[in-house]
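Asker: Below you will find the structure I want to go over with you.
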Amino acid sequence: MSAPVKKPKANSKDGPKVGRKPAQARAKARVEALLEAAVVLIDEKGSEAMRMSEVASQAGVPIGSLYQYFPDKAALLLELAQTYNLRIRAQISAMLETVQSQDDIAPLLNDLLEGYYQMFLDEPVARDIWCGTQAHKSLQWCDIEDSRLNGGLVFESLKRFYPKSEWPALKNSSFLIMQLTGAAVRLAIALDPVEGRAVMDSYAVLLSREFVQRT
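This note's numbering puts the first residue of the sequence shown at 3, with every later residue one more than the last.
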């Protein structure tokens, strides 16, 4: 039986390598240039084909400086993935603040799903970044942790509409739904637009059954 995926300690044998954090404005601008260059290259050729030397060249930054901040490709991919994750989490948090009654749950879930889907359609590089994290064993925890955090936001916001006896199941469902939502969206954008839309509509029905019909 395989071991559960857990977040490894930074700079450990199995964990992601952590570089220096930029403190001054010039260093922060350099890191931002490196991240922007990485996004361009991943969008052009995918994360697997991207080379660190190309990132440095694209950003106009010495390769030595690149490795100071990102010791390897996994560290760079992790930073990019967490940037997207934080952005999505902020959107989820803002949407959850609009929920005032049980009647708001169904529209909320639909808006969350559609917003996530649209982001991946508008920025296909986001899927390539996610695929890059999954290709690195030391980064596979990132997606699970993100789903757990997003699920926690959903649970804390919606639990007031459910009996306390259902809270444990609701918490697990919130975590699971956040994980499955990412998988459903990535599947949908890999299909032709018509089939992808059908997948999203079917998944929206599943969401409604899990959350709305329980109240």
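All C-beta atoms, glycine included, are put in the ideal place defined by N, C-alpha and C.
(1) How should Lys75 be labelled, buried or exposed, when 16 other C-beta atoms within 10 angstroms of its C-beta is the threshold for buried?
(2) Taking Ala206 as the reference, which of His138, Asp113 and Ala35 has the closest Cα?
(3) Leaving out five residues before and five after Gln181 in sequence, what residues of the same chain have Cβ atoms less than 6 Å from its Cβ?
(4) Whose C-alpha, out of Ser103, Ser59, Leu123 and Cys144, is nearest the C-alpha of Leu82?
(5) Answer yes or no: do Ile94 and Leu155 have a C-beta to C-beta separation smaller than 8 Å?
(6) Compute the Euclidean distance between the alpha carbons of Glu99 and Phe213, then round it to the nearest angstrom.
(7) Do the region 43 to 56 and the region 124 to 144 touch if we need at least three Cβ pairs shorter than 8 Å?
(8) For Met52, which of helix, strand or coil comes out of DSSP?
(9) Just to confirm my understanding: we take Ser175, look at its own chain, exclude 5 residues before and 5 after, and list those with CB closer than 7 Å. What are they?
(10) Indicate whether Asp118 and Val196 have their beta-carbon atoms separated by less than 8 Å.
(11) Please give me, in chain order, every unbroken run of the alpha helix (DSSP H) with length at least 4 that falls completely inside the region 109 to 163.
(12) Taking 8 Å as the cut-off, decide whether the C-beta atoms of Leu115 and Ser210 are in contact.
(13) Looking only at its chain, what residues have a beta carbon closer than 6 Å to the beta carbon of Glu56, apart from the 5 residues adjacent to it on each side?
(14) In its own chain, which residues sit with a C-beta less than 8 Å from the C-beta of Met97, not counting the 5 before and 5 after it?
(15) Taking just the CA atoms, how far does Glu147 sit from Leu160?
(16) Please report the Cβ distance between Leu68 and Gly134, rounded to the nearest whole angstrom; I am assuming they are in contact, meaning their Cβ atoms lie under 8 Å.
(17) Is Glu81 helix, strand or coil when you go by DSSP?
(18) Tell me whether Gly153 is buried or exposed, calling it buried when 16 or more other Cβ atoms sit within 10 Å of its Cβ.
(19) What residues in its chain sit with their C-beta under 6 Å from that of Val41, if we drop five residues either side in the sequence?
Answerer: Quick answer:
(1) For the purposes of this step, residue 75 is taken as residue 73 along the sequence shown, with counting starting at 1. Buried is the call here.
(2) Position 204 of the sequence shown holds residue 206. Ranking His138, Asp113 and Ala35 by Cα distance to Ala206 puts Asp113 first.
(3) In the sequence shown, residue 181 corresponds to position 179, counting from 1. Hits under 6 Å: Ser149.
(4) Taking the sequence shown and counting its residues from 1, one reaches residue 82 at position 80. When each option's Cα is compared against that of Leu82, the closest is Cys144.
(5) Here residue 94 refers to the residue found at position 92 when the sequence shown is read from its first residue. Here residue 155 refers to the residue found at position 153 when the sequence shown is read from its first residue. Yes. Within cutoff.
(6) Working through the sequence shown from its first residue, we reach residue 99 at position 97. Working through the sequence shown from its first residue, we reach residue 213 at position 211. Cα-Cα distance, rounded: 17 Å.
(7) yes
(8) Within the sequence shown, the letter at position 50 stands for residue 52. Three-state result, Met52: coil.
(9) Stepping through the sequence shown from its first residue, residue 175 is reached at position 173. Only Glu212 meet the Cβ criterion.
(10) Your numbering for residue 118 matches position 116 in the sequence shown. Your numbering for residue 196 matches position 194 in the sequence shown. The amino acid occupying residue 118 in the given sequence is Tyr; Asp does not appear at that position. Their beta carbons are not under 8 Å apart, which means Tyr118 does not touch Val196 by this criterion.
(11) 127 to 137 and 143 to 160
(12) If you number the sequence shown from 1, residue 115 lands on position 113. If you number the sequence shown from 1, residue 210 lands on position 208. The answer is no: Cβ separation not under 8 Å.
(13) On the sequence shown, position 54 is the one that residue 56 refers to. The answer, listed in chain order, is Leu43.
(14) The residue labelled residue 97 in the question sits at position 95 within the sequence shown. Excluding positions up to five away in sequence, the list reads Leu110, Asp113, Leu114 and Gly117.
(15) Residue mapping note: residue 160 aligns to position 158 of the sequence shown, counting from 1. Residue mapping note: residue 147 aligns to position 145 of the sequence shown, counting from 1. Cα to Cα, Leu160 sits roughly 20 Å from Glu147.
(16) Counted from its first residue, the sequence shown places residue 68 at position 66. Counted from its first residue, the sequence shown places residue 134 at position 132. Actually they are not in contact, since the Cβ atoms of Leu68 and Gly134 sit about 17 Å apart, beyond 8 Å.
(17) As a working note, residue 81 is residue 79 in the sequence shown. It is helical.
(18) To locate residue 153, count along the sequence shown from 1; it is residue 151. It counts as buried.
(19) Working through the sequence shown from its first residue, we reach residue 41 at position 39. Cβ neighbours of Val41 beyond the five flanking positions: Val127.
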